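Data first, discussion second: the structure below is written as structure tokens.
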Amino acid sequence: MLPERLNGAPAFFTFAHGNIMNSTPRSLHDVSGTDSGGTHTSRLCVFALTPQGIQLAARLCPHLQADLFLPHRLAGLADSTTAPRTERFLRLADAVRHAFSIYDGLIFIAACGIAVRSIAPLLQGKDRDPAVVVLDQQGLHAVSLLSGHLGGANALACRIAAMTGGTPVITTATDTEGLPSLDLLAAENNMAIARLTAVRHVNAALLEGRQVAVADRHDLLKLKNHPCGLFIHTDEHSLDNRYAALPSVLVTIHASAARRAPADRLVLHPRILHAGLGCRKNVPAPRAAEHLLRLLEAHDITPLALASLASVEAKRAEPAMHEASRRLGVPVIFFSSAALAAIAVPNPSSRPLKAVGTPSVAEAAALLAARTNNECRCTQHAAAHLIIPKAADGDVTAAVAQEQYTMHPAPLYIVGLGPGDPQLLTPQAADALRASEVIAGYTRYVELVPDDILAGREIIATGMMGEMERCAKAIETALSGRATAVVCSGDPGIYAMAGLIYELIEEMDAYLPVHVIAGVPALSAAAALLGAPLMHDFACISLSDLLTPWEVIEKRLQNALEADFVVVLYNPRSKKRDWQLEHALETARRYRQPETPVGLVRQANRPEQAVSVAPLSVFEPAQVDMLSIVIIGNSTTRIIRGNMVTPRGYMKKYR
1 MLPERLNGAP AFFTFAHGNI MNSTPRSLHD VSGTDSGGTH TSRLCVFALT
51 PQGIQLAARL CPHLQADLFL PHRLAGLADS TTAPRTERFL RLADAVRHAF
101 SIYDGLIFIA ACGIAVRSIA PLLQGKDRDP AVVVLDQQGL HAVSLLSGHL
151 GGANALACRI AAMTGGTPVI TTATDTEGLP SLDLLAAENN MAIARLTAVR
201 HVNAALLEGR QVAVADRHDL LKLKNHPCGL FIHTDEHSLD NRYAALPSVL
251 VTIHASAARR APADRLVLHP RILHAGLGCR KNVPAPRAAE HLLRLLEAHD
301 ITPLALASLA SVEAKRAEPA MHEASRRLGV PVIFFSSAAL AAIAVPNPSS
351 RPLKAVGTPS VAEAAALLAA RTNNECRCTQ HAAAHLIIPK AADGDVTAAV
401 AQEQYTMHPA PLYIVGLGPG DPQLLTPQAA DALRASEVIA GYTRYVELVP
451 DDILAGREII ATGMMGEMER CAKAIETALS GRATAVVCSG DPGIYAMAGL
501 IYELIEEMDA YLPVHVIAGV PALSAAAALL GAPLMHDFAC ISLSDLLTPW
551 EVIEKRLQNA LEADFVVVLY NPRSKKRDWQ LEHALETARR YRQPETPVGL
601 VRQANRPEQA VSVAPLSVFE PAQVDMLSIV IIGNSTTRII RGNMVTPRGY
651 MKKYR
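Residue numbers for the sequence shown, in the UniProt record's numbering: 1 to 655.
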């Protein structure tokens, strides 16, 4: 969207105007043009057909900044008006035909029948027709006749009625029932409608009192907690599954969402993206647009989500820039070299620095445009994010950035999957996974996520030693506005990723909602399979010395054994670390009786599960691996009917 005003705008950029593309709704909610000074002109005109009508028009035109059309025979009365411009006509039909194609709103001070017959041959569709409002000569009634929602006629009728002291006449069903109209909300929130026929299905459902599922992550439509109570807020995955039978609304920048949507799904594309363009001198006019369209298609991004194009001031005269603006239906903004040079980018280059005085054109222009708010006050420190880095195609380059206001971070869930059995996945964990667009984790753990939850979600999987990489990527993904889940075996706060993620967030100085979702920890699963070995005080110790020096581990182990804790050993043994467990057992033998039970659980609650108990004196470490939990009993631990039990003391105290 073009900025509504340029008063006080920084001097380092200027605008050139691009026409609105056919698929973009024509609307008084949007900005459809600029004058030579760059000022927004949502153009209106008034048709006054009688002397009384001209008197009313004389009151309205200055306030509405509306041009006046009047019959040639009444031209002498034009001097009594202060309209910005006055047009005289011989035939009303010819004048209306002309105005219908260039104005955003037409106001008739005449009978409704005259207006209807005048516009009837010109109607094209609710996404293309201008607003039409009809007034009686006294201004008692302002009738919204055409394009009430998308064109803004309802709002215009209310505005005019407020000026005349009259009554707005609104007949659109959602308005009379006090329900939100999705096409109006789309226009008010600067969204493109992918398929207009879907509006009818959704609005009809609301009028019939049926529920509508909405996937709008940032609540851009502001439908959460709507008093009508008919909206179910969910995610895109659930639209296709749990709520597939309901009409739905999806807010997305992805092109494929519209192609695969059922007839009753309203897909809205928020205009929140800004494309930076660079080119060599005198490239063929179509080249920039063609390259950008191919780039968007390759990333499954619809051009309807574009709000502007941007480049360096040195490219103002390039036909390719203006052809791209015309073809894509969005304005092109030109920034000074100094302004672009101040923007940090991931891919600077010496070539544009020599040519136009900035190390980046496409990326810097995209980011700076995305940081510029709708009133055209540049907020240098506003958040913006490149969603498509610079990509070159011969003599043109392009990059795409996303606007600040949609960059509110999405939730980051750190989810404990439990030991691996789907029955031990908590409902809260399942809900968090379903609420996430992206699932990240160690490859083996991602495989534990149920297939129906994984379906349709982006997966970030890394192998062993890839913890830093995948956690940082998950944080970045959540910061970009996509709900993300980091999955962990067992509980995320026990030898898992919760702590690392908090540390990374601190290091990145990032702010985002983090939710740690508890899972059944491995020690609980193992203890349950063994019996009740953890009924009294116990200590958990990891034998992995990859992150903790062995001297520290050894001291902790010795202290726990000496204090007669039951000891739970995590990460007891691997192919490369095959001596630590033997050393731990030798230490235990110094503080425990030979008959002390030692429990071993491998792959708890998984198909390969193995459970065994042996006396400390004969426990064989060779059977242990990284998927095992070892529990060394304390001085009271014993075997009761084949179960390993550490008494709490009830029998001793109460018997």
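Beta carbons: idealized from backbone N, C-alpha and C, even for Gly.
Being a predicted model, the structure only gives us computed values, none of them experimental.
| What number of angstroms, rounded off, separates the C-alpha of residue 538 from the C-alpha of residue 646? | Within the sequence shown, the letter at position 538 stands for residue 538. Within the sequence shown, the letter at position 646 stands for residue 646. When rounded, the distance between both Cα atoms is 10 angstroms.
| task | Pick helix, strand or coil for residue 52, following the three-state DSSP scheme. | result | On the sequence shown, residue 52 is found 52 positions in, with the first residue counted as 1. Helix.
| said: For a test of the three-state rule: what should DSSP assign to residue 233, helix, strand or coil? | reply: Taking the first residue of the sequence shown as position 1, residue 233 is located at position 233. Three-state DSSP puts residue 233 in a strand.
| said: With distance defined between alpha-carbon atoms, name the residue in 622, 563 and 593 nearest to residue 665. | reply: The requested residue 665 does not occur in the structure, where the chain is confined to residues 1 to 655.
| said: In whole angstroms, give me the CA-to-CA distance for residue 368 and residue 216. | reply: Sequence index remark: in the sequence shown, residue 368 carries index 368 (1-based). Sequence index remark: in the sequence shown, residue 216 carries index 216 (1-based). Rounded to the nearest angstrom, the two C-alpha atoms are 26 angstroms apart.
| query | Which one or two residues does DSSP pair with residue 643 in a beta bridge? | reply | As a working note, residue 643 is residue 643 in the sequence shown. Per DSSP, 640.
| query | Can you tell me whether residue 150 is buried or exposed, with buried defined as 16 or more other CB within 10 angstroms of its CB? | reply | Within the sequence shown, residue 150 is the residue found at index 150, counting from 1. It is buried - the Cβ of residue 150 has at least 16 other Cβ atoms within 10 Å.
| message | Do residue 531 and residue 492 count as a contact pair if the criterion is CB distance below 9 angstroms? | response | Sequence index remark: in the sequence shown, residue 492 carries index 492 (1-based). Sequence index remark: in the sequence shown, residue 531 carries index 531 (1-based). Going by C-beta atoms, residue 492 is not nearer than 9 angstroms to residue 531.
| task | Go to residue 279, then tell me how far its beta strand (DSSP E) extends in each direction, as first and last residue. | result | Position 279 of the sequence shown holds residue 279. Where residue 279 is concerned, the enclosing beta strand (DSSP E) stretches over 273–279.
| task | Determine the DSSP secondary structure at residue 617, reduced to helix, strand or coil. | result | Here residue 617 corresponds to residue number 617 of the sequence shown, with the count starting at 1. Three-state DSSP puts residue 617 in a helix.
| field | For residue 634 and residue 562, the rounded distance between their alpha carbons | value | For the purposes of this step, residue 562 is identified with residue 562 of the sequence shown, where counting begins at 1. For the purposes of this step, residue 634 is identified with residue 634 of the sequence shown, where counting begins at 1. When rounded, the distance between both Cα atoms is 10 angstroms.
| query | Which two residues bound the contiguous alpha helix (DSSP H) that contains residue 164? | reply | The residue you call residue 164 lines up with position 164 of the sequence shown. Counting along the chain, the alpha helix (DSSP H) containing residue 164 begins and ends at 153–164.
| query | residue 253 by DSSP, collapsed to three states: which one? | reply | Your numbering for residue 253 matches position 253 in the sequence shown. Coil at residue 253, not helix or strand.
| query | Can you pull the DSSP bridge partners for residue 388? | reply | Start at 1 with the first residue of the sequence shown, and residue 388 comes out as number 388. Paired residue(s): 400.
| said: Below 8 angstroms, how does it come out for the stretch 408–423 and the stretch 440–457: are there three or more Cβ pairs, yes or no? | reply: yes
| request: Can you give me the Cβ contacts of residue 118 inside the same chain, cut-off strictly under 7 angstroms, excluding the 5 residues immediately before and after it? | output: As a first step, residue 118 is located in the sequence shown; it is residue number 118 there, counting from the start. Exclusion of the five residues before and after residue 118 leaves 92, 93 and 96 as the residues of its chain whose Cβ lies within less than 7 angstroms of its Cβ.
| query | Count the other CB atoms within 10 Å of the CB of residue 154; is the residue buried (16 or more) or exposed (fewer)? | reply | What you label residue 154 is simply residue 154 of the sequence shown in a count that begins at 1. Counting Cβ neighbours within 10 Å, residue 154 comes out buried, since at least 16 surround it.
| message | Mapping the DSSP letters down to three states, classify residue 24 as helix, strand or coil. | response | Working through the sequence shown from its first residue, we reach residue 24 at position 24. Unreliable placement is indicated for residue 24, whose pLDDT of 41 sits below 50; no coordinate value is reported for it.
| query | Under the rule that 16 or more other beta-carbon atoms within 10 Å means buried, what is residue 53, buried or exposed? | reply | Your numbering for residue 53 matches position 53 in the sequence shown. Under this definition residue 53 is a buried residue.
| said: Based on DSSP bridge pairs, tell me the residues matched to residue 629. | reply: The sequence position of residue 629 within the sequence shown is 629, counting from 1. Beta-bridge annotation (DSSP): residue 629 is paired with 601.
| Would you call the CB atoms of residue 614 and residue 608 closer than 9 angstroms? | As a working note, residue 614 is residue 614 in the sequence shown. As a working note, residue 608 is residue 608 in the sequence shown. Not in contact: residue 614 and residue 608 (Cβ atoms no closer than 9 angstroms).
| request: Flag this pair as yes or no: are the beta carbons of residue 534 and residue 570 separated by less than 9 angstroms? | output: Residue numbering aside, residue 534 sits at position 534 when the sequence shown is read from its first letter. Residue numbering aside, residue 570 sits at position 570 when the sequence shown is read from its first letter. No, these two residues do not count as a Cβ contact at 9 angstroms.
| said: Using 8 angstroms as the cut-off, can you tell me whether the stretch 266–285 makes contact with the stretch 304–317, which would need three or more C-beta pairs spanning the two stretches below that distance? | reply: yes
| field | CA-to-CA distance, residue 636 to residue 529, given in whole angstroms | value | Against the sequence shown, residue 529 aligns to sequence position 529. Against the sequence shown, residue 636 aligns to sequence position 636. In a straight line, the C-alpha of residue 529 is about 19 angstroms away from that of residue 636.
| task | Could you have a look at residue 113 and say whether DSSP puts it in helix, strand or coil? | result | For the purposes of this step, residue 113 is taken as the residue at position 113 of the sequence shown. Residue 113 falls in the helix class under three-state DSSP.
| Between the C-alpha atoms of residue 362 and residue 163, what's the straight-line distance to the nearest angstrom? | As a working mapping, residue 362 is identified with position 362 in the sequence shown. As a working mapping, residue 163 is identified with position 163 in the sequence shown. Approximately 47 angstroms, taken between the alpha carbons.
| task | Can you give me the start and stop residues for the beta strand (DSSP E) that residue 441 sits inside? | result | In the sequence shown, counting from the first residue as 1, residue 441 sits at position 441. From DSSP, the beta strand (DSSP E) with residue 441 extends over 438–442.
| With a CB to CB cut of under 6 angstroms and the five nearest residues on each side skipped, what residues in its chain are close to residue 87? | Position 87 of the sequence shown, counted from the first residue, corresponds to residue 87. When the five nearest sequence neighbours on each side are left out, the beta carbons in the same chain lying within less than 6 angstroms of the beta carbon of residue 87 are those of 69, in order along the chain.
| query | Whole beta strand (DSSP E) runs in the stretch 455–524 with 3 or more residues, listed along the chain? | reply | 458–462, 484–488 and 514–517
| task | Just list the beta strand (DSSP E) runs in the stretch 561–605, keeping only unbroken ones of 3 residues or longer that don't cross its boundaries, in chain order. | result | With a minimum length of 3 residues, the continuous beta strand (DSSP E) runs that stay inside the stretch 561–605 are 566–570 and 597–602.
| request: Compute the Euclidean distance between the alpha carbons of residue 175 and residue 65, then round it to the nearest angstrom. | output: Here residue 175 refers to the residue found at position 175 of the sequence shown. Here residue 65 refers to the residue found at position 65 of the sequence shown. Cα to Cα, the separation comes out at about 27 angstroms.
| Do three or more CB pairs link the stretch 238–251 to the stretch 282–301 at distances below 8 angstroms? | no
| request: Compute the beta-carbon to beta-carbon distance between residue 251 and residue 231, rounded to the nearest angstrom, for a pair I have assumed lies under 8 angstroms. | output: The residue given as residue 251 occupies position 251 in the sequence shown. The residue given as residue 231 occupies position 231 in the sequence shown. About 13 angstroms separates the two Cβ atoms, so there is no contact after all.
| field | Closest residue to residue 396 among 98, 244, 456 and 288 (Cα-Cα distance) | value | Mapped onto the sequence shown, residue 396 falls at position 396. Selection 98, 244, 456 and 288 evaluated against residue 396 yields 288 as nearest (Cα-Cα).
| Under three-state DSSP, which class holds residue 67? | Position 67 of the sequence shown, counting from 1, holds the residue named residue 67. Looking at residue 67 - three-state DSSP - the assignment turns out to be strand.
| Close beta carbons around residue 21, own chain, < 6 angstroms, minus the five adjacent residues each side | Indexing the sequence shown from 1 puts residue 21 at position 21. Note on residue 21: pLDDT 30, under 50, position unreliable in the model; no value is reported.
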